[in-house]
Amino acid sequence: MVDQNGSIFFQYPYKDREHVTTAINSPLYRVSDANPVPAEVKSKALLYPEPNSRQATKSYLIKGDLVSVVDATGGWCNVRYKGKSKTIVKWLQCDLLAPR
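Numbering-wise (numbering that gives the first Met the number 0), the sequence shown opens with residue 0 and increments by one.
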């Protein structure tokens, strides 16, 4: 998808059947609020309020942070991160996570 300025703000993450099959078979796509999937952040990951790359929040997670994936759609994972003082629930790109 392209914004009014011609900048790409969303690109569908699945290019072919193999990418779709890999995503469907990933534990990250077998989540629910009752059964979150534990995962580890692979590299710095910007957090988003919605499952799109239109506008990131100022928050991010770093390599090694542990999260619970509570939802996944279109290459985006909704994660719950328990910090020292509060719990954050935001979206990030699923390819930045490794299931544990």
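Glycine included, C-beta positions come from ideal geometry on N, C-alpha and C.
Pick from the options that is closest to residue i, judged by C-alpha positions
| i | options | result |
| --- | --- | --- |
| Leu96 | Asp15, Ser25, Gly5 and Glu49 | Ser25 |
| Lys100 | Gly63, Val40 and Leu45 | Past the boundaries of the shown model lies residue 100; the chain is included only from 0 to 99, so the question cannot be answered. |
| Val30 | Ser84, Gly5, Lys83 and Arg79 | Arg79 |
| Thr21 | Gly73, Gln3, Lys83 and Ala33 | Gly73 |
Opposing strand residues paired with residue i [DSSP bridges]
| i | result |
| --- | --- |
| Ala55 | In the DSSP output, where bridge partners are listed per residue, Ala55 has none listed. |
| Leu45 | Tyr59 |
Neighbour-count burial assignment, residue i, 16 or more Cβ in a 10 Å radius
| i | result |
| --- | --- |
| Val88 | exposed |
Close-in-space but distant-in-sequence residues of the same chain around residue i (CB under 7 Å, 5 per side omitted)
| i | result |
| --- | --- |
| Leu27 | Val36, Ala38, Val68, Ala71, Cys76, Cys93, Leu96 and Pro98 |
| Ile61 | Val40 and Lys43 |
Contacting residues, own chain, Cβ-Cβ under 8 Å from residue i (five flanking each side not counted)
| i | result |
| --- | --- |
| Gln54 | Tyr47 and Pro48 |
| Gly82 | none |
Same chain, Cβ closer than 6 Å to residue i, five either side skipped, listed in chain order
| i | result |
| --- | --- |
| Trp90 | Tyr47, Pro50, Trp75 and Asn77 |
| Asp64 | Val40 |
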